[in-house]
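Heads up: the sequence shown begins at 1396 in the working numbering, then just goes up one per residue. Positions of the beta carbon are idealized from the N, C-alpha and C atoms, including for glycine.
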Amino acid sequence: MAPEAVALILGWWLLAASRAQQLPRPSLSLHPSQGVSLGDTVTLRCHLPQPAAWVELYQDGQLRSRKEMDQEQDVAEFSLTGIKQEDAVRYQCQYQGLEPAGTSERSDPVKLVVTDHRYPPPGISLSPKEHVEMGRNITIQCWNKKYGASFLLHKDGHSAPIQHQEPDDEGTATFTLFGVTPADSGIYRCSYRLGGCCLLFSPPGDNVTLEVIPRPAIPGDNGGPSRNLVAVVVGRWVAAIVFIIILTVSVLLVAQRRQMQRDERPGGEGVKWL
């Protein structure tokens, strides 16, 4: 191949690569994003930052589907019906840009987490019991002796698990909350991941409720060490100012008394008689 042809091909390839790098990445979302069970339908939406000729959906790195687009569309939707075990994996999307032309990078991956209700939920316990004072350490145990998979700790109001833990030989996972505060109050549940290829989990089990009670104020404590320190510093400044005022007044009184004594002495500069 002639050197001119090699240079032309190389230049074209570099230009295409640079244009691809300039294309902004798409983003991918799941609907619904949680609470998906086997047999459900899930919609994956690829959000496009610019018009695209086509959009591709990748499942665990492999091309799953491709959709032609028109210039007015900024979202490409892919529906997964009758979710199966092998569908519980990671997904990404990618698009072919129009202006500028080129292929974008793939989106950040999203995880399709699926619940398999054929498996029993785990047990759960809380120690100490529900009402505890602030600052204590709390232990939550989850167990399922038959299925020794990793356990997840969920808290109501959080979309993602707050902790995960491997079980011991007895099939029990122990989660510890250190130095709890009122923000740790809430309802907790457990689930466990099933062994195998996919993001398949058991249904959540029973829940436990944690209520963290603020510590009662110590009598005579009006705000803790910091406020006490401020009070001590202010008190010392006030005492110093009062001492300076008293000292100044005393000096003035002594000086006035001495002046009066000099005026009363014979020959002193007291009252002059005409």
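When DSSP reads this structure, Q1654 sits in no beta bridge, so it has no partner. Counting along the chain, no beta strand (DSSP E) covers S1597, and no H or E run does either. Runs of the alpha helix (DSSP H) lying entirely within the segment 1503-1530 and spanning at least 4 residues: none are present. Annotation: N1602 to Y1583 spans about 5 Å, alpha carbon to alpha carbon. Excluding its 5 nearest sequence neighbours in each direction, K1540 has C-beta neighbours in its own chain below 6 Å: G1566, listed in chain order. Annotation for V1470: R1440, C1441, H1442 and L1443 place their beta carbon closer than 8 Å to its own, counting only its chain and skipping 5 residues before and after. DSSP places L1425 in the uninterrupted beta strand (DSSP E) bounded by S1422 to H1426.
A distance of 7 Å or more separates the beta carbons of P1517 and P1598.
With a threshold of 16 other beta carbon atoms within 10 Å, M1655 falls short and is exposed. If you look at S1586, you'll find it in the beta strand (DSSP E) that goes G1581 to Y1587. For I1608, the enclosing beta strand (DSSP E) starts and ends at V1603 to I1608.
Residue range R1485 to G1492 is occupied by the beta strand (DSSP E) that includes Q1489.
For T1436, the CB contacts under 6 Å within the same chain, skipping 5 residues up- and downstream, are T1476 in chain order. In the three-state reduction of the DSSP assignment, E1481 falls in the helix class. For the set S1522, Q1489, L1572 and R1461, the Cα lying nearest the Cα of D1503 is the one of Q1489. With contacts defined by Cβ atoms closer than 7 Å, V1509 and I1478 form a contacting pair. Inter-residue distance for L1548 and G1574 is about 18 Å (C-alpha atoms, whole angstroms). Exclusion of the five residues before and after I1533 leaves L1572 and V1575 as the residues of its chain whose Cβ lies within less than 6 Å of its Cβ. For T1567, the pairing in a beta bridge is given by DSSP as W1538. Judged by beta-carbon spacing, S1474 lies within the 7 Å limit of T1438, meaning their Cβ atoms are closer than that value. Under the three-state reduction of DSSP, F1473 is assigned to strand.
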